[in-house]
Amino acid sequence: MMLPLLAAIVYAAITVERISKQSELMAGEANRAGQLSWELPEELRLMERILRQYVVLHDASLLDDYATARREWRRRAATFADIPLTSSLREKIGGLLSLEDAAYRKLGDSGDGLPELQETVAALLERSVAMADEAARIVDAERTSFRARAAELRERLMIGIALALAAALLLLLLGRRLVARLFSSVENAVQVLGEGHLDRKVALQGPDDVKRIGERLEWLRCRLRDLEEQRTRVLRHISHELKTPLAALREGSSLLSDQVAGSLTAQQNRIVGIMHGNAIRLQTLIDGLLRLQRTEYALERFERLQLRFDEIVQQVLATFQLAVRDKQLRIMGTLAPLTVTGGREEITTIVSNLVANAIKYSPAGGTIRLTLSGVGDQAVFDVVDQGPGIPKDDQAKIFEPFFRARGTEKSATGTGLGLAIASEFVHAHHGHLALIESATGAHFQVRIPLTGAHP
Numbered sequence: 000m001m002l003p004l005l006a007a008i009v010y011a012a013i014t015v016e017r018i019s020k021q022s023e024l025m026a027g028e029a030n031r032a033g034q035l036s037w038e039l040p041e042e043l044r045l046m047e048r049i050l051r052q053y054v055v056l057h058d059a060s061l062l063d064d065y066a067t068a069r070r071e072w073r074r075r076a077a078t079f080a081d082i083p084l085t086s087s088l089r090e091k092i093g094g095l096l097s098l099e100d101a102a103y104r105k106l107g108d109s110g111d112g113l114p115e116l117q118e119t120v121a122a123l124l125e126r127s128v129a130m131a132d133e134a135a136r137i138v139d140a141e142r143t144s145f146r147a148r149a150a151e152l153r154e155r156l157m158i159g160i161a162l163a164l165a166a167a168l169l170l171l172l173l174g175r176r177l178v179a180r181l182f183s184s185v186e187n188a189v190q191v192l193g194e195g196h197l198d199r200k201v202a203l204q205g206p207d208d209v210k211r212i213g214e215r216l217e218w219l220r221c222r223l224r225d226l227e228e229q230r231t232r233v234l235r236h237i238s239h240e241l242k243t244p245l246a247a248l249r250e251g252s253s254l255l256s257d258q259v260a261g262s263l264t265a266q267q268n269r270i271v272g273i274m275h276g277n278a279i280r281l282q283t284l285i286d287g288l289l290r291l292q293r294t295e296y297a298l299e300r301f302e303r304l305q306l307r308f309d310e311i312v313q314q315v316l317a318t319f320q321l322a323v324r325d326k327q328l329r330i331m332g333t334l335a336p337l338t339v340t341g342g343r344e345e346i347t348t349i350v351s352n353l354v355a356n357a358i359k360y361s362p363a364g365g366t367i368r369l370t371l372s373g374v375g376d377q378a379v380f381d382v383v384d385q386g387p388g389i390p391k392d393d394q395a396k397i398f399e400p401f402f403r404a405r406g407t408e409k410s411a412t413g414t415g416l417g418l419a420i421a422s423e424f425v426h427a428h429h430g431h432l433a434l435i436e437s438a439t440g441a442h443f444q445v446r447i448p449l450t451g452a453h454p
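Next up, the structure:
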């Protein structure tokens, strides 16, 4: 993500360095060209003045002075011609040097060629002044061109920086999206493990670090699956080992209660009743544990059938007629004819556990409202009673195994597994069991995907 910005910084540094060097070079050449274009006419004026003095004085040393001034002029002219900025004037400077050299050769010792040399130097002075003006125009044009090139380079630099920033921003967004996707895949894998789907292999795609996380999560999945299998085996073994002595205990208590071994006193009858009741309670608890264990793989194990949800509710209500009559309860509500796909025993257990809870905790003469309706692509089954309800502090734990809400331990008997089993079976049907907030009593709601509405 930082590569475009680094490239832009390097490009900017190179561009600034190049502009700086070009500016420094051009300034140096312009100064040299300006100075020499001024010095060349001055040297020619000096040469012209020496020749006039020689005409008047006929002093031979003046010719030596002319020769010295001539050499200096030629040197400066050659330097002027070598400046890259004024290279276009090189041919003209060469012509001036040739004219002066030809006239100087004709001078001779007698000075016969002096008039021609004077005329040549005067002409060279005139041309030199014109050439100085031309050199000034060349320098001005080069400065204008340099400003244009510098402006173009600045514009290209700004465009490059803007493109680099855009590329960096794009890479940042893509990187953020990629990281979010990687974290989402890790989160989904952890959620799958947390929901107990230990049969789904964890395989994360992405960088090596993410793959290593996937490998560790896969190791964790295998470890959890092994531990779950061990727990299941231990649970089955313990349940099987408990059933035999428990059956003997129940049989013995039944025989004592029937006074097969002889008559019992009232106190002995109470003791036998306590033994028999707790033996039955223990049997119910063991059966509940086994049923809870079976729900963990219910999705793969139950037979998937198209079932009339409303008919199952009616069948369950028929089994509770005596309990409803004993407590003088009223069952109200409407049941829509809806069809769902699932296991008959599992859905029956869901409805039975919820209705049993409602009957158990409803006060005598109370009302239980059962409603089955279609909402979107789901069958929604509501069970509302007029019991004590669930305290807010206990609502988050109500679907945990063996949990019983405060205030209900003494009011009703049970194993604390009914809602846990119902929740597992609903989840196995890709549904959701929730406790809905209610002013009085408890309100449980089941949502299971529909197969289709019954005509």
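Residue numbering for the sequence shown is 0 to 454, as defined by numbering that gives the first Met the number 0. Just so it is clear, CB atoms sit at the ideal spot from N, CA and C, and this is done for glycine as well.
G112 and L39 have their alpha carbons spaced roughly 23 Å apart.
Buried is the label assigned to T119, since at least 16 other Cβ atoms lie within 10 Å of its Cβ.
Counting along the chain, V315 sits inside the alpha helix (DSSP H) bounded by residues 308-318.
Straight through space, the alpha carbons of A419 and I212 are spaced by roughly 32 Å.
When DSSP states are grouped into helix, strand and coil, R44 belongs to the helix group. Three or more Cβ pairs drawn from the stretch 382-400 and the stretch 432-450 lie within less than 8 Å of each other, which places the two stretches in contact. A distance below 7 Å separates the beta carbons of V339 and T450. Under the criterion of beta carbons closer than 8 Å, I358 and I367 qualify as touching, at roughly 7 Å. Using a Cβ distance threshold of 7 Å, V383 and H442 count as a contacting pair. Contact between T370 and T333 holds, since their C-beta atoms are separated by about 6 Å, short of 8 Å. Nearest to L304 by alpha-carbon distance, out of R329, G342, R175, is G342. Exposure of W218 is indicated by the presence of fewer than 16 other C-beta atoms within 10 angstroms of its C-beta. For Q52, the three-state secondary structure derived from DSSP is helix.
Cβ-Cβ distances below 6 Å link L255 to V271 in the same chain, with the five nearest sequence neighbours on each side left out; the list follows chain order.
In this structure, L181 lies away from V201, with their beta-carbon atoms at least 7 Å apart. The DSSP-derived three-state label of P448 is strand. In this structure, M46 places its C-beta atom within 7 Å of the C-beta atom of A68. Beta-bridge partners assigned by DSSP to I330: I367. Residue state for I92 is assigned as helix, using DSSP reduced to three classes.
Annotation: T338 is outside any alpha helix (DSSP H); the continuous beta strand (DSSP E) that includes it extends over 337-341. Following the DSSP letters along the chain, one finds I420 in no beta strand (DSSP E) but inside the alpha helix (DSSP H) bounded by residues 417-427. F424 and P400 have their alpha carbons spaced roughly 13 Å apart. Ranked by how close their Cα comes to the Cα of I237, the residues I285, D225, Q267, Q190 have I285 in first place.
With respect to the 7 Å criterion, G388 and G440 are classified as neighbours on the basis of their beta carbons.
In the three-state reduction of the DSSP assignment, Q377 falls in the strand class, which pools E and B.
The Cβ atoms of S183 and L203 lie no closer than 7 Å to each other. Considering only A322, A140, V209, the residue with the shortest C-alpha distance to E186 is V209.
For L432, no alpha helix (DSSP H) encloses it; the enclosing beta strand (DSSP E) starts and ends at 431-435. The beta strand (DSSP E) runs lying completely inside the stretch 91-168 and spanning 3 residues or more number zero.
Restricting attention to D309, L61, R199, the CA atom closest to the CA of G373 is found in D309.
Taking C-alpha positions only, E214 is separated from H429 by approximately 28 Å.
For S60, the enclosing alpha helix (DSSP H) has its first and last residue at 59-81. Below 8 Å, too few C-beta pairs join the stretch 135-150 and the stretch 43-60 to call them touching: fewer than three. Judged by their CB atoms, L43 and L95 are not nearer to each other than the 7 Å cut-off. Beyond the five residues adjoining it in sequence on each side, G93 comes within less than 8 Å, by CB distance, of A80 in the same chain, given in chain order. Here F443 is bridged, per DSSP, to V382, L434.
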